[in-house]
Structures are given as C-alpha cells and as structure tokens.
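Q: Below are the structure tokens for one structure; questions will follow.
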C-alpha cells in the first residue's frame, strides 16, 4: 500500500512539473541526463520569471523554501527584478559609482567661488549692455546731428538785405544792418517794449542780426523788410517786429528767438 501511494504522489508531482516546464518533460521522455535536465529547468525558470515581469505579476509560489530554491538556481537575475519579486522595507543605496562631498568641503570651495563670480560678471555685463543700448537709443541719430549746425557764408550778403537759411527744419533770418539800422535799434525806449531787451543783448556783432524766422504768436513765418517798424511783419495776425526782431505791435507776446551762433571768421557764421 505504501509503495502504491508513493508512486501516485510522484506521478502527480511529475505531471505538474511537466505541465509548467515542457523542456523538462521532453528531456525525461527522451532519457536526458541530470545535467541537461538541470540546465533546461534553469533556463525555464529564467524565461518564466522574465515573462512574469513583462505581464506585471508573479506566478511563482510564495513559500520561503521555493523562493530560496529559485534564488539558488537563478543567480543572475538583475537586482531590479529581484527587488520587485522580493519587496523589502530596508533600502540600500548603491554609491559605488559616485562620490559625495559634505557641504562646505574645501576641495569644492574654489570651484564654487569661480562659478558664482563668473555668473555675476556675466549678469553685470548684460545689465551694462542693456543700459548703454537704452541710453544710446534716446540720443539723436546721425542725420539729425548732421543738421544740428549749419555754416553760412556772409560775404555775398549786401548791407541792408536779409537772407533766409534752413536750420533744424526752421527758417533763420540773417540781416546785414546798416549804421542807420543800428542807430534806430538803439534809440528805442526799452520801457515801452512788450518784451524788453536791449539791442546789444540780441546781437554779437552790431552789423549782423540773426533770429529764428518763426512768429512767437502761432508759429507763422513773418515777411522781412516789412511792417511799421522796418523789420518783419506777420500777415496772419498782424504782428510787427522792429529792426532788432523785437515785438512792437500785434498779438505776438515775445521777441523773435535768437539762436546759438558763432563767427568763425569775418565772413563765416556757424549756427548751432
């Protein structure tokens, strides 16, 4: 009876093993050796464990003895696969391939200072560049600077005549005055003027009067050698200026503007 029961148990164990491992069954069927059976069983266990990881579950038994046997048979399973199959609360970090330095380590201090200083230098350079670009964008362009000043030849202007030149988009009156014109300009009572100014303040050379040809009322252009005082007359609203460019009659509140100018020589005038 005991022999019959033992044969039946062995046949059941063999059937379950053969069903799970076809390679092992084939080896036994054809009379394979123990070594071939062991290698077939080992390859089957490796393939089965990898397939289990791909499927996302484990079909192996969870009994401690069975796990130990599999670990002995399959010793080349990756550590990640083994960690998944045998989860544990004890975590061990692998630090063999990198080196950790404590905070403030002297060997890293020079490198840290170099990186920080280099970064600050780059940031300061960028800030300086942006500020320079912003400031230069507000300055006048080259074409505007070219028109900022104008040089006028005075040798061709006859006494008692007026010429008009263009400066910064505005007309400028240049009048060569005679001696009678100078005497007339100086004989005016300053207290009677709307915008009191002496003639000597408005000219650098009594022979030459330089004024901006724009009426101070509404920006019209007065006519030269016209008006009640022999200077300029604005026909738009009836403003009269004398031989010194001072307002004498009409709605204009101020005298004609005197631009910045210098005499380069006797016959050269630089405006601006």
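Residue numbers (my numbering): 8 to 279.
The beta carbon of each residue, even a glycine, is placed where N, CA and C say it ideally should be.
No experiment lies behind these values; they were computed from the predicted model shown.
1) Quick one: give me the first and last residue of the alpha helix (DSSP H) that residue 121 is part of.
2) Quick one: what does DSSP say residue 219 is sitting in, helix, strand or coil?
3) Could you tell me which whole beta strand (DSSP E) segments of length 3 or greater appear in the region 165-214?
4) Where does the unbroken alpha helix (DSSP H) through residue 265 begin, and where does it stop?
5) So, using beta-carbon positions, are residue 210 and residue 179 closer together than 9 Å?
6) Is there contact between the region 186-199 and the region 220-230, where contact requires at least three CB pairs shorter than 8 Å?
7) When the distance is taken between beta carbons, is residue 238 closer than 9 Å to residue 177?
8) On the criterion of 16 or more Cβ atoms from any shown chain inside 10 Å, does residue 223 qualify as buried, or is it exposed?
9) Can you look up residue 92 in the DSSP assignment and give me helix, strand or coil?
10) How far does the beta strand (DSSP E) with residue 246 in it reach, from first residue to last?
11) CB of residue 244 to nearest heavy atom of the ligand NAP: below 8 Å?
12) Is it buried or exposed, residue 61, if we count other Cβ atoms within 10 angstroms and call 16 or more buried?
13) Just verifying my parser: in three-state terms, what is the DSSP assignment at residue 97?
14) Assess contact between the region 199-209 and the region 270-277, defined as three or more Cβ pairs (one per stretch) separated by less than 8 Å. Is contact present?
15) Name the two residues that bound the continuous beta strand (DSSP E) containing residue 240.
16) May I ask which residues mark the beginning and end of the beta strand (DSSP E) holding residue 158?
A: The short version:
1) Residue 121 sits at position 114 when you count from the first residue of the chain shown. Segment 113-144, the alpha helix (DSSP H) holding residue 121.
2) Here residue 219 corresponds to residue number 212 of the chain shown, with the count starting at 1. Here residue 219 sits in strand by DSSP.
3) 169-174 and 177-183
4) Numbered from its first residue, the chain shown carries residue 265 at position 258. Residue 265 -> no alpha helix (DSSP H), and no H or E assigned at all.
5) Along the chain shown, read from residue 1 onward, the residue named residue 210 stands at position 203. Along the chain shown, read from residue 1 onward, the residue named residue 179 stands at position 172. The answer is no: Cβ separation not under 9 Å.
6) no
7) Position 170 of the chain shown, counted from the start, is the residue given in the question as residue 177. Position 231 of the chain shown, counted from the start, is the residue given in the question as residue 238. For residue 177 and residue 238, no; Cβs fall outside 9 Å.
8) Walking along the chain shown from the start, residue 223 turns up at place 216. The residue is buried, with at least 16 neighbouring Cβ atoms inside 10 Å.
9) The count along the chain shown starts at 1 and reaches residue 92 at position 85. In this structure, residue 92 counts as helix in the three-state DSSP scheme.
10) The residue you call residue 246 lines up with position 239 of the chain shown. Per DSSP, residue 246 belongs to the beta strand (DSSP E) from 246-249.
11) The ligand NAP is not part of the structure shown, which contains no ligands of any sort.
12) Sequence index remark: in the chain shown, residue 61 carries index 54 (1-based). With a pLDDT of only 44 at residue 61, under the threshold of 50, the placement of this residue in the model should not be trusted, and no figure is reported.
13) Locating residue 97 in the chain shown gives position 90, counting from the first residue. It is coil, neither helix nor strand.
14) no
15) Residue mapping note: residue 240 aligns to position 233 of the chain shown, counting from 1. Element bounds for residue 240: 237-241.
16) Position 151 of the chain shown, counted from the start, is the residue given in the question as residue 158. Residue 158 -> beta strand (DSSP E) spans 157-160.
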